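S.K.: Going line by line, the protein sequences match chains E and F. In case it helps, the UniProt record's numbering puts the first sequence at residues 1 to 315. In case it helps, the UniProt record's numbering puts the second sequence at residues 1 to 315.
Number of protein chains: 2
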Amino acid sequence: MSDFPTRVHIKEEGPREGFQIESAAISTVDKIRLIDRLSDSGLRHIQVVSFVDPRRVPGMADAEAVVTGMVRCEGVSYTALWLNARGFQRAAAAGGLDLEGSLNLYASDAFLMRNQNRTPAQQYAAQPELIAMYQAAGVPVRRGFVSAAFGCNFEGDIPVARVVDRVGELLALASDHGETLGHVGLGDTMGWATPLTVKRVVGAVRDRFPDLRLSLHLHDTRGMGVANAWAGLEMGVDMFDAAVGGLGGCPFAGHKGAAGNLCTEDFVFLCDELGIETGVDLEALIDCARLAEEIVGHDLTGSVMRGGLLRRLRR
Amino acid sequence: MSDFPTRVHIKEEGPREGFQIESAAISTVDKIRLIDRLSDSGLRHIQVVSFVDPRRVPGMADAEAVVTGMVRCEGVSYTALWLNARGFQRAAAAGGLDLEGSLNLYASDAFLMRNQNRTPAQQYAAQPELIAMYQAAGVPVRRGFVSAAFGCNFEGDIPVARVVDRVGELLALASDHGETLGHVGLGDTMGWATPLTVKRVVGAVRDRFPDLRLSLHLHDTRGMGVANAWAGLEMGVDMFDAAVGGLGGCPFAGHKGAAGNLCTEDFVFLCDELGIETGVDLEALIDCARLAEEIVGHDLTGSVMRGGLLRRLRR
Chain E
1 MSDFPTRVHI KEEGPREGFQ IESAAISTVD KIRLIDRLSD SGLRHIQVVS
51 FVDPRRVPGM ADAEAVVTGM VRCEGVSYTA LWLNARGFQR AAAAGGLDLE
101 GSLNLYASDA FLMRNQNRTP AQQYAAQPEL IAMYQAAGVP VRRGFVSAAF
151 GCNFEGDIPV ARVVDRVGEL LALASDHGET LGHVGLGDTM GWATPLTVKR
201 VVGAVRDRFP DLRLSLHLHD TRGMGVANAW AGLEMGVDMF DAAVGGLGGC
251 PFAGHKGAAG NLCTEDFVFL CDELGIETGV DLEALIDCAR LAEEIVGHDL
301 TGSVMRGGLL RRLRR
Chain F
1 MSDFPTRVHI KEEGPREGFQ IESAAISTVD KIRLIDRLSD SGLRHIQVVS
51 FVDPRRVPGM ADAEAVVTGM VRCEGVSYTA LWLNARGFQR AAAAGGLDLE
101 GSLNLYASDA FLMRNQNRTP AQQYAAQPEL IAMYQAAGVP VRRGFVSAAF
151 GCNFEGDIPV ARVVDRVGEL LALASDHGET LGHVGLGDTM GWATPLTVKR
201 VVGAVRDRFP DLRLSLHLHD TRGMGVANAW AGLEMGVDMF DAAVGGLGGC
251 PFAGHKGAAG NLCTEDFVFL CDELGIETGV DLEALIDCAR LAEEIVGHDL
301 TGSVMRGGLL RRLRR
């Protein structure tokens with residue numbers, strides 16, 4: 001077990017990525033209820049909202065109200081997502097958030113063009129402007145992210161070498177501007193990863209950048225979520241994004257109702273069984289998953305919430 | 001990838017273990033419809049029914065009618081489950097089945113007592129009678145099975161050494177009576193396994209019996225199904241039980257609606273991505289999963305049936 005981390009950092013994305021994809025409107029009160037409950041579960045990092053164009057994402061129009069209404073817990077980081085300067089300004093003005101600058105490159109040129117209407121060179125060139133914005137606001141640039149690192153609906157399989165190149169570009173962008181990234185995230189944006197590709201990609205990035213901390217953003221679109229997380233743990237990855245109950249869906253899935261992000265409580269169950277510390281009280285987290293299910297009004301895909309814990313059965 | 005098998009044998013258990021646990025009655029016609037569709041998917045082994053006491057399991061009272069009604073496909077094995085001589089006699093009389101003798105020991109003494117009201121010595125002593133019955137009927141004894149090999153709701157964690165001992169006892173029972181087991185199955189009867197315990201248990205059995213073929217019977221009760229199957233593949237295991245759509249539930253789960261067996265099509269997706277041959281046409285199998293969902297009248301837990309295939313996206 002020598003490569004396993006002794007503890008993992010989990011970024012809970014249910015309130016943001018999870019609620020964002022729900023077709024039914026989620027009330028501000030319900031969003032705050034879930035965030036507050038998550039704060040009490042032992043999670044140390046919750047991404048609570050995104051500051052995006054309310055005409056395009058009406059469900060996140062109340063981001064400021066959510067941030068104002070939630071109760072901040074000592075020792076928990078509360079972060080938000082934004083896609084441009086306007087979103088960042090709203091996040092900064094909202095107050096009460098742990099602002100963190102992030103750089104983003106794409107391993108799929110086709111997805112980048114479709115999503116941002118940019119070439120790789122244009123996306124690269126856009127990053128220094130972001131860095132300057134963060135620096136002017138006194139916000140540290142801590143995170144790099146490679147989207148579509150494991151495959152792309154518009155381009156197919158992604159060469160591992162391209163992911164390694166993108167990671168190198170992120171590190172160069174940061175250091176060229178006097179910043180040091182705390183970690184780089186690899187995103188399985190469209191649910192293509194398998195444990196084998198997780199091992200290959202993480203291994204290749206590790207080979208080239210042995211001291212870089214990596215995180216994984218995984219989807220369970222094709223049922224590989226937990227298996228991919230396991231492969232990440234085997235490779236020593238100690239940062240994971242996840243969503244309580246398996247919230248999140250997948251806008252790129254073949255059919256309606258596809259599974260969402262890596263399910264937080266199923267992942268915590270795995271870590272508990274492996275003796276890897278997460279800080280999370282699994283029973284409290286399962287209560288959060290049940291609350292999330294009640295709020296969205298349909299079954300979520302998490303398994304441990306129905307299967308039950310082993311802890312009591314061991315007594 | 002040197003330990004990965006080049007091909008795996010899948011025993012589809014959806015019609016038997018899956019339908020057996022459904023609370024609503026499944027019609028004989030629907031059972032046959034699913035079996036016939038599965039026969040066309042490329043699966044080479046389908047466990048179609050169980051011959052058990054109809055007073056205790058009314059949903060399997062039509063086992064003979066199912067076997068008579070289904071259309072046997074060249075190259076597909078059709079097997080059944082039974083628990084005693086009476087069940088075996090019914091299976092033999094039904095005709096059209098590939099009869100296979102099986103020996104069964106338990107890694108959990110507490111579960112054995114609860115399930116069969118026997119001590120380990122009594123369960124061991126009961127096996128030669130079974131062997132004699134099979135030999136008298138000219139039915140080969142091909143399979144050994146260790147129940148509760150990864151943990152037990154009534155006993156907790158199971159010592160790895162005990163599983164190794166049970167496997168040794170199965171092999172001894174067979175050879176003492178002139179039989180040679182084709183493989184020994186390890187059952188995660190109550191959904192306790194993690195990829196780590198799969199590796200530990202399979203590794204320990206392999207160490208002691210390097211030439212023995214192993215199979216895994218996995219449940220997804222706590223979301224570990226695919227991850228556990230991956231761990232098995234990494235250890236070179238090339239036989240798996242699975243259920244289309246993730247049918248199967250778990251009578252030992254903490255709450256209603258728990259996930260069922262390892263989901264066949266999610267597992268086939270993983271094998272396809274790894275280049276491991278299963279013989280299965282994944283699109284045809286997904287049609288079977290949709291049919292299974294229609295027949296049981298509620299959502300099943302399989303992911304690929306909603307996430308969609310990658311094959312078309314690669315074109």
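Yeah, the Cβ is synthetic: ideal placement off N, Cα and C, and Gly gets one too. Note that this is a predicted model, so its numbers are computed, not measured.
Could you check what DSSP says for Asp207 of chain E in three-state terms: helix, strand or coil?
M.R.: The answer is helix: DSSP assigns Asp207 of chain E an H, G or I state.
S.K.: Hey, how far is the Cα of Met1 of chain F from the Cα of Glu277 of chain F?
M.R.: Caution is warranted here: a pLDDT of 47 is assigned to Met1 of chain F, below 50, making its placement in the model unreliable, and no coordinate value can be reported.
S.K.: Between the C-alpha atoms of Thr68 of chain E and Ser303 of chain F, what's the straight-line distance to the nearest angstrom?
M.R.: 37 Å
S.K.: Can you tell me whether Lys11 of chain F is helix, strand or coil according to DSSP?
M.R.: strand
S.K.: Should Leu186 of chain E and Ser215 of chain E be called a contact, given that it needs their Cβ atoms to be closer than 9 Å?
M.R.: yes
S.K.: Alpha carbon to alpha carbon, how far is Arg7 of chain E from Leu274 of chain E?
M.R.: 10 Å
S.K.: Can you tell me which of the three DSSP states Ala243 of chain F falls into?
M.R.: Strand.
S.K.: Using a Cβ-Cβ cut-off of 8 Å (strictly less than) and excluding sequence neighbours within five positions of Pro251 of chain E, which residues of its own chain qualify?
M.R.: Ile21
S.K.: In the DSSP output, what is Val146 of chain F paired with across the bridge?
M.R.: Val146 of chain F pairs with F:Leu105 and F:Leu186.
S.K.: Could you give the residue range of the alpha helix (DSSP H) that holds Leu130 of chain F?
M.R.: Pro120 to Ala137
S.K.: So Asn153 of chain F contacts chain E; which residues on that side make the cut at Cβ distance below 8 Å?
M.R.: Leu313
S.K.: Can you tell me whether Val52 of chain E is buried or exposed, with buried defined as 16 or more other CB within 10 angstroms of its CB?
M.R.: buried
S.K.: Let me confirm a value: Gly14 of chain F is counted as buried when at least 16 other C-beta atoms fall within 10 Å, else exposed. Which label applies?
M.R.: Gly14 of chain F should be labelled buried.
S.K.: Quick check: what's the CA-CA separation for Gly257 of chain F versus Glu100 of chain F?
M.R.: 32 Å
S.K.: Less than 9 Å between the C-beta atoms of Ala242 of chain E and Thr194 of chain E, yes or no?
M.R.: no
S.K.: Evaluate Ala174 of chain E with the Cβ neighbour count: other Cβ atoms within 10 Å of its Cβ, from every protein chain shown; 16 or more gives buried, anything less gives exposed.
M.R.: buried
S.K.: In its own chain, which residues sit with a C-beta less than 8 Å from the C-beta of Thr301 of chain E, not counting the 5 before and 5 after it?
M.R.: Asp220, Gly245, Gly246, Ala259, Gly260 and Cys263
S.K.: Excluding five sequence neighbours on each side, which residues of the same chain lie with their C-beta closer than 8 Å to the C-beta of Arg213 of chain F?
M.R.: Gly182, His183, Val184, Asp238 and Met239
S.K.: Tell me whether Leu309 of chain F sits in a helix, a strand or coil according to DSSP, three-state version.
M.R.: coil
S.K.: How should Ala24 of chain E be labelled, buried or exposed, when 16 other C-beta atoms within 10 angstroms of its C-beta is the threshold for buried?
M.R.: In summary, Ala24 of chain E is exposed, with fewer than 16 beta-carbon neighbours lying within 10 Å of its beta-carbon over all protein chains present.
S.K.: To the nearest angstrom, how far is the alpha carbon of Met224 of chain F from that of Arg200 of chain F?
M.R.: 15 Å
S.K.: For Asp98 of chain F, count neighbouring Cβ atoms within 10 angstroms of its own Cβ and tell me buried if that reaches 16, exposed if not.
M.R.: exposed
S.K.: How would you call Glu12 of chain F, buried or exposed, if buried means at least 16 neighbouring beta carbons within 10 angstroms?
M.R.: buried
S.K.: From Ala91 of chain E to Val268 of chain E, what distance separates their C-alpha atoms?
M.R.: So the alpha carbons of these two residues sit roughly 29 Å apart.
S.K.: Could you work out which residue in F:Ile10, F:Asp207 and F:Pro5 is closest to Val163 of chain F when comparing CA atoms only?
M.R.: Among F:Ile10, F:Asp207 and F:Pro5, the Cα nearest to that of Val163 of chain F belongs to F:Asp207.
S.K.: In terms of alpha-carbon separation, which member of E:Asp299, E:Ala231, E:Gly178 and E:Thr180 lies closest to Val202 of chain E?
M.R.: E:Ala231
S.K.: Note down the Cα distance separating Gly168 of chain F from Asp176 of chain F, rounded to an integer number of angstroms.
M.R.: Annotation: Gly168 of chain F to Asp176 of chain F spans about 12 Å, alpha carbon to alpha carbon.
S.K.: Could you tell me which residues DSSP pairs with Ile46 of chain E in its beta bridges?
M.R.: E:Glu12 and E:Tyr78
S.K.: Starting from Ser303 of chain F, trace the beta strand (DSSP E) in both directions and tell me its first and last residue.
M.R.: It is not in any beta strand (DSSP E) - Ser303 of chain F carries neither H nor E in the DSSP assignment.
S.K.: Can you give me the Cβ contacts of His45 of chain F inside the same chain, cut-off strictly under 6 Å, excluding the 5 residues immediately before and after it?
M.R.: Cβ neighbours of His45 of chain F within its own chain (closer than 6 Å, five residues either side excluded): Lys11 and Ser77.
S.K.: What residues from chain E crowd round Asp299 of chain F, counting only those whose CB sits closer than 7 Å?
M.R.: Here the neighbours are Asp299.
S.K.: Who are Leu214 of chain E's beta bridge partners in DSSP?
M.R.: E:Val184
S.K.: Against chain F, does Arg306 of chain E count as a neighbour if the rule is that its beta carbon must be under 9 Å from one of theirs?
M.R.: Among the CB atoms of chain F, one or more fall inside 9 Å of the CB of Arg306 of chain E.
S.K.: Are the C-beta atoms of Asp266 of chain F and some chain E residue less than 9 Å apart?
M.R.: yes
S.K.: Determine whether the Cβ of Arg7 of chain F lies closer than 9 Å to any Cβ atom of chain E.
M.R.: No, its Cβ sits nowhere closer than 9 Å to a Cβ of chain E.
S.K.: Against Asp157 of chain F, what residues of chain E qualify as contacts under a CB-to-CB distance less than 9 Å, listed in chain order?
M.R.: Going along chain E in sequence order, the residues near Asp157 of chain F (Cβ under 9 Å) are Leu310 and Arg314.
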